[in-house]
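A.B. asks:
Number of protein chains: 2
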Amino acid sequence: MVVKKSVTIREVAQEAGVSIQTVSRVINNRPDVAPETRRLVQTIIERLGYQPNAIARSLIRRRSHTLGVVTTELDHYGPMRGLTGIEQEANNLGYSLILSLVHRREPDHGEHALNNLLAQQVDGIIWAVPEIGNNHAWLWDKLPHLSVPVVFVGVSPHDAPSMVTPSRVSGRLATEHLLAQGYQHIGLITGPLSWKAARQRQLGWQDILSKTTPNQTFEGDWSAASGERGLRQLLAQYPEMDAVYASNDQMALGVLNAAHQLGLRVPEDLGVVGTDNIPESAFFWPPLTTIRHQIAQNSKIAVRQLNCMIENKQQNQDAIQPEQVHFEPELIIRKSSVPS
Amino acid sequence: MVVKKSVTIREVAQEAGVSIQTVSRVINNRPDVAPETRRLVQTIIERLGYQPNAIARSLIRRRSHTLGVVTTELDHYGPMRGLTGIEQEANNLGYSLILSLVHRREPDHGEHALNNLLAQQVDGIIWAVPEIGNNHAWLWDKLPHLSVPVVFVGVSPHDAPSMVTPSRVSGRLATEHLLAQGYQHIGLITGPLSWKAARQRQLGWQDILSKTTPNQTFEGDWSAASGERGLRQLLAQYPEMDAVYASNDQMALGVLNAAHQLGLRVPEDLGVVGTDNIPESAFFWPPLTTIRHQIAQNSKIAVRQLNCMIENKQQNQDAIQPEQVHFEPELIIRKSSVPS
DNA sequence: GTGAAAGCGCTAACAC
DNA sequence: GTGTTAGCGCTTTCAC
Chain A
7 MVVKKSVTIR
17 EVAQEAGVSI
27 QTVSRVINNR
37 PDVAPETRRL
47 VQTIIERLGY
57 QPNAIARSLI
67 RRRSHTLGVV
77 TTELDHYGPM
87 RGLTGIEQEA
97 NNLGYSLILS
107 LVHRREPDHG
117 EHALNNLLAQ
127 QVDGIIWAVP
137 EIGNNHAWLW
147 DKLPHLSVPV
157 VFVGVSPHDA
167 PSMVTPSRVS
177 GRLATEHLLA
187 QGYQHIGLIT
197 GPLSWKAARQ
207 RQLGWQDILS
217 KTTPNQTFEG
227 DWSAASGERG
237 LRQLLAQYPE
247 MDAVYASNDQ
257 MALGVLNAAH
267 QLGLRVPEDL
277 GVVGTDNIPE
287 SAFFWPPLTT
297 IRHQIAQNSK
307 IAVRQLNCMI
317 ENKQQNQDAI
327 QPEQVHFEPE
337 LIIRKSSVPS
Chain B
7 MVVKKSVTIR
17 EVAQEAGVSI
27 QTVSRVINNR
37 PDVAPETRRL
47 VQTIIERLGY
57 QPNAIARSLI
67 RRRSHTLGVV
77 TTELDHYGPM
87 RGLTGIEQEA
97 NNLGYSLILS
107 LVHRREPDHG
117 EHALNNLLAQ
127 QVDGIIWAVP
137 EIGNNHAWLW
147 DKLPHLSVPV
157 VFVGVSPHDA
167 PSMVTPSRVS
177 GRLATEHLLA
187 QGYQHIGLIT
197 GPLSWKAARQ
207 RQLGWQDILS
217 KTTPNQTFEG
227 DWSAASGERG
237 LRQLLAQYPE
247 MDAVYASNDQ
257 MALGVLNAAH
267 QLGLRVPEDL
277 GVVGTDNIPE
287 SAFFWPPLTT
297 IRHQIAQNSK
307 IAVRQLNCMI
317 ENKQQNQDAI
327 QPEQVHFEPE
337 LIIRKSSVPS
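Heads up: the protein sequence lines correspond to chains A and B, in order.
All the letters of the first sequence, read from the start, carry residue numbers 7 to 346 under my numbering.
All the letters of the second sequence, read from the start, carry residue numbers 7 to 346 under my numbering.
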């Protein structure tokens with residue numbers, strides 16, 4: 007394979023017998039070019055397969071038309087849907103996406119990722135890293151000094167725009183629903199309690215139940231395997247339990263699986279509600295009642311918001327007031343929580 | 007919010023009372039700087055929060071340390087795992103990732119994506135778009151003229167490096183296994199037959215069964231809903247069927263669901279094998295026998311390969327011979343295909 | 001309408 | 001060791 011040099015504006019100009027600027031005007035669709043000249047230049051561009059170097063452009067224009075996205079493990083449904091939504095909307099608005107996945111294992115990878123994005127001169131950043139332990143403390147300090155706008159998804163910053171579906175409300179919805187269906191002893195399988203979202207769902211569950219005791223709760227790790235363990239342990243420590251609310255659909259699946267193994271009928275002997283509404287959940291056996299969070303939608307709106315902030319900044323207008331948008335979670339009722 | 011100007015190397019130099027060059031040497035860890043000077047400069051850098059502009063660097067170095075990734079809908083398990091693997095390895099090797107998702111709806115979005123990545127001066131491209139219909143024809147034409155190396159994942163180009171797990175082998179594995187378990191009439195639920203992977207799995211299934219007829223096949227769309235429809239229709243048109251091989255785990259889930267509705271016992275009345283080994287499949291009821299494709303692993307190797315090609319090209323060495331690496335799919339046996 | 005000159009932020013090549 | 005000069009590929013004044 008021969009190493010190809012890519013064509014530059016200079017070569018096009020030379021070939022066309024015009025100046026570099028004229029070519030520049032053509033590729034930027036400026037009006038002040040004679041029609042013939044324009045056509046000539048376009049032909050040459052076509053022939054040489056010339057493409058303007060976006061990097062050189064960014065350098066001089068101070069605008070890269072690039073957004074940074076920071077999120078986590080895509081095998082969680084939320085981040086995956088979020089990324090999909092972000093990509094779509096970014097693409098619509100003409101942005102490229104630079105992707106950083108920060109993994110829970112590596113502690114200050116987030117800071118790394120941020121610096122990297124800044125170095126790449128992104129025009130803005132979508133931050134969608136789940137709040138775990140104190141993993142955002144550094145960011146709240148740094149945020150006011152950043153040179154580019156940031157919009158958060160599923161994270162509640164102190165003073166920055168964010169799109170959030172409040173998990174606490176989800177917890178309430180699920181629990182209310184189970185009570186309404188006649189279940190009386192509602193166990194909870196949480197995500198890792200270091201995750202803020204997991205704690206919020208727990209709070210929502212507590213909000214509805216007048217009093218709760220520790221033996222009604224099992225701390226899972228989002229995996230189906232932990233859901234399975236969770237049901238077994240909850241049944242042992244809280245025998246009167248007749249329903250379970252799981253903090254995600256995978257764990258709910260583990261519960262269904264364990265229930266089958268134990269010969270418990272769902273929903274007759276045990277009501278089950280999950281969270282996330284992964285597409286598979288409608289086909290579990292029985293189909294799973296769950297909570298939808300519309301994350302792709304949130305994320306699209308986040309990108310639009312970010313775009314506004316970028317445009318405003320470009321025109322040196324006053325910055326937009328940080329806005330925290332809350333989305334309503336939605337209960338999706340299926341068989342697993344409806345005893346005929 | 008004040009619009010912040012980002013700090014440039016010039017300001018650092020001025021502040022430190024040295025030349026721009028010296029600062030450049032410091033940030034690039036060049037040896038030929040006096041220790042004190044270095045320390046001084048580093049202090050200033052720290053204080054001003056200076057970060058080198060990666061864009062300016064790329065421009066002059068002709069190296070962006072950026073890879074382009076083109077893939078599809080992340081709600082398919084394969085692309086999602088692939089992207090995860092790519093991100094990890096790219097990160098390891100010090101690359102940023104520019105992500106493009108091409109959706110089936112928009113026909114020549116792929117070409118768009120490619121041009122965009124080239125404009126962004128990526129150092130190389132990982133191409134992981136499923137082959138659907140003739141959607142790659144244009145690319146095979148264009149490929150030899152590209153200025154950057156491309157490695158394919160799950161795609162078989164005519165003459166370029168690629169990492170593939172041959173779907174035909176998967177089809178064989180699944181079918182052989184079902185026969186070995188004593189099933190005799192094996193139906194097939196395919197993905198959309200415009201997808202090459204779907205056709206390959208079908209071919210593998212045909213390889214094992216000496217003769218097959220159209221009524222043994224149902225063309226699904228990868229969704230669980232289509233798996234459900236598939237089982238119902240297959241039972242109608244092929245009543246003696248006692249096992250189903252589904253081209254992905256979601257459709258297999260739909261089959262399990264339909265089987266429950268119809269009062270068919272799995273695996274006693276009906277054997278079921280899926281494909282992909284999504285994490286949930288181990289917790290379906292019954293747990294699903296399936297085929298693992300190790301896509302994250304393939305993708306990492308693809309990135310390493312791409313990195314080699316980039317390094318080689320940088321040093322003007324001869325290009326590496328295009329290598330097509332094949333990975334063995336692996337049968338994961340669970341309850342759904344093992345009648346006691 | 002078109003071109004010449006300057007410069008975005010940085011590095012490479014060469015002086016000293 | 002350090003500074004000077006040139007220039008990556010492009011856009012932006014400002015002449016003509």
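Just so you know, even glycine gets a beta-carbon here, dropped at the ideal spot from N, CA and C.
All values reported here derive from a predicted model rather than from experimental measurement.
Among Val170/B, Leu107/B and Pro136/B, which residue has its Cα nearest to the Cα of isoleucine 301/B?
C.D. replies: Cα-wise, what sits closest to isoleucine 301/B is Val170/B.
A.B. asks: With 7 Å set as the bound, which would you pick, yes or no: does the beta-carbon of isoleucine 26/A sit closer than that to a beta-carbon of chain B?
C.D. replies: Cβ-Cβ to chain B under 7 Å: no for isoleucine 26/A.
A.B. asks: Relative to the C-alpha of valine 161/B, which candidate in Gly233/B, Gln208/B, Val76/B and Asn221/B has its C-alpha closest?
C.D. replies: Checking every option, the nearest Cα to that of valine 161/B belongs to Val76/B.
A.B. asks: Identify the continuous beta strand (DSSP E) that holds serine 2/B and give its terminal residues.
C.D. replies: Nothing about residue 2/B can be read from this structure; chain B reaches only from 7 to 346.
A.B. asks: Is the distance from the Cβ of leucine 259/B to the Cβ of alanine 288/B below 7 Å?
C.D. replies: Cβ atoms of leucine 259/B and alanine 288/B: not closer than 7 Å.
A.B. asks: Residues of chain B with CB closer than 7 Å to the CB of histidine 266/A, please, in chain order.
C.D. replies: By Cβ distance, chain B contributes Trp291.
A.B. asks: Tell me whether the segment 57-66 of chain A and the segment 59-67 of chain B touch, counting them as touching only if at least three CB pairs, one residue from each stretch, are closer than 8 Å.
C.D. replies: Verdict: yes, contact present.
A.B. asks: Threonine 28/A by DSSP, collapsed to three states: which one?
C.D. replies: In the structure shown, threonine 28/A sits in a helix (DSSP, three-state: H, G or I).
A.B. asks: Please list, in chain order, the chain B residues whose beta carbon lies closer than 7 Å to that of glutamate 93/A.
C.D. replies: Under the 7 Å cutoff, chain B gives Leu105 and Leu107.
A.B. asks: Out of Gln206/B, Leu80/B, Arg44/B and Gln190/B, which has the shortest C-alpha to C-alpha gap to lysine 217/B?
C.D. replies: Considering only alpha carbons, the answer is Gln190/B.
A.B. asks: Going by C-alpha distance, which of Glu234/A, Val272/A, Leu276/A and Pro292/A is nearest leucine 246/A?
C.D. replies: Sequence inspection shows glutamate at residue 246/A; the leucine mentioned does not correspond to that position. It is Leu276/A.
A.B. asks: Expressed to the nearest angstrom, what Euclidean distance is found between the alpha-carbon atoms of glutamate 334/A and proline 172/A?
C.D. replies: Going by the C-alpha atoms only, they are around 7 Å apart.
A.B. asks: Beta carbons nearer than 9 Å to chain A: which residues of the segment 140-168 of chain B have them?
C.D. replies: Cβ contacts with chain A: Pro150, His151, Leu152, Ser153, Val154 and Pro155.
A.B. asks: From the DSSP secondary-structure annotation, give me the bridge partner or partners of tryptophan 211/A.
C.D. replies: Paired residue(s): none; tryptophan 211/A is not in a bridge.
A.B. asks: In terms of residue numbering, what span does the alpha helix (DSSP H) encompassing glycine 177/B cover?
C.D. replies: Segment 173-186, the alpha helix (DSSP H) holding glycine 177/B.
A.B. asks: Looking at C-alpha atoms only, which residue of Gly74/B, Arg53/B, Ser12/B and Asp129/B is the closest neighbour of cysteine 314/B?
C.D. replies: Of Gly74/B, Arg53/B, Ser12/B and Asp129/B, the residue nearest in Cα terms is Asp129/B.
A.B. asks: Would you call the CB atoms of histidine 183/B and leucine 294/B closer than 7 Å?
C.D. replies: For histidine 183/B and leucine 294/B, no; Cβs fall outside 7 Å.
A.B. asks: I'd like the list of long-range same chain contacts for isoleucine 284/A, defined as Cβ closer than 7 Å, with 5 residues on each side in sequence excluded.
C.D. replies: Counting only Cβ-Cβ distances below 7 Å, and skipping sequence neighbours, we find Tyr83 and Asp255.
A.B. asks: What is the rounded straight-line gap between the Cα of glutamine 94/A and the Cα of methionine 86/A?
C.D. replies: Approximately 13 Å between the Cα atoms of the pair.
A.B. asks: Taking CB distances under 7 Å as the criterion, tell me whether glutamate 317/A reaches chain B.
C.D. replies: Chain B, which has no Cβ nearer than 7 Å to the Cβ of glutamate 317/A, makes this no.
A.B. asks: Expressed to the nearest angstrom, what Euclidean distance is found between the alpha-carbon atoms of arginine 53/A and glycine 100/A?
C.D. replies: Computed Cα separation, rounded: 26 Å.
A.B. asks: Might you give, ordered along the chain, the residues of its own chain that have their beta carbon closer than 8 Å to the beta carbon of arginine 16/A, omitting 5 neighbours on each side?
C.D. replies: If we look at arginine 16/A and ignore the five residues flanking it on each side, its Cβ neighbours are Ile26.
A.B. asks: Between which two residues does the beta strand (DSSP E) carrying methionine 169/B extend?
C.D. replies: It spans 168-170 - the beta strand (DSSP E) in which methionine 169/B sits, taken as one unbroken run.
A.B. asks: Apply the 10 Å Cβ neighbour rule to threonine 296/A and answer buried if 16 or more other Cβ atoms are within range, or exposed otherwise.
C.D. replies: Under this definition threonine 296/A is a buried residue.
A.B. asks: Using CA coordinates, which residue listed in Ala264/A, Ile138/A and Arg271/A is at the minimum distance from proline 198/A?
C.D. replies: The shortest C-alpha separation from proline 198/A is found at Ile138/A.
A.B. asks: Where does threonine 223/A fall in DSSP's three states?
C.D. replies: Three-state result, threonine 223/A: strand.
A.B. asks: Hey, is leucine 259/A's beta-carbon within less than 7 Å of any beta-carbon in chain B?
C.D. replies: With 7 Å as the cut-off, leucine 259/A counts as an interface residue toward chain B.
A.B. asks: Under 8 Å: do the segment 302-311 of chain A and the segment 301-311 of chain B share three or more Cβ pairs, one atom per stretch?
C.D. replies: No, they do not touch.
A.B. asks: Which of helix, strand or coil does DSSP assign to phenylalanine 289/B?
C.D. replies: Correct three-state label for phenylalanine 289/B: helix.
A.B. asks: Going along the chain, which residues of its own chain have a beta-carbon closer than 7 Å to the beta-carbon of aspartate 147/A, five neighbours each way excluded?
C.D. replies: Nothing meets the Cβ criterion.
A.B. asks: Rounded to whole angstroms, what is the Cα-Cα separation between proline 91/B and isoleucine 132/A?
C.D. replies: The sequence as given places glycine at residue 91/B; proline does not occur at that position. Taking the straight line from one Cα to the other gives about 21 Å.
A.B. asks: Excluding the 5 residues flanking alanine 125/B on each side, which residues of the same chain have their C-beta closer than 7 Å to its C-beta?
C.D. replies: For alanine 125/B, where only same-chain residues beyond five positions count, there are no Cβ hits under 7 Å.
A.B. asks: Tell me the DSSP bridge mates of glutamate 336/A?
C.D. replies: Its beta-bridge partners are Arg298/A.
A.B. asks: Taking 7 Å as the limit between beta carbons, can you name the residues of its chain near valine 39/B, skipping five residues before and five after?
C.D. replies: Taken in chain order, the residues that qualify are Thr28, Arg31 and Val32.
A.B. asks: Taking only three categories from DSSP, how would you classify leucine 276/B?
C.D. replies: Coil at leucine 276/B, not helix or strand.
A.B. asks: In whole angstroms, what is the alpha-carbon distance linking asparagine 141/B and histidine 115/B?
C.D. replies: Going from the Cα of asparagine 141/B to the Cα of histidine 115/B covers about 10 Å.
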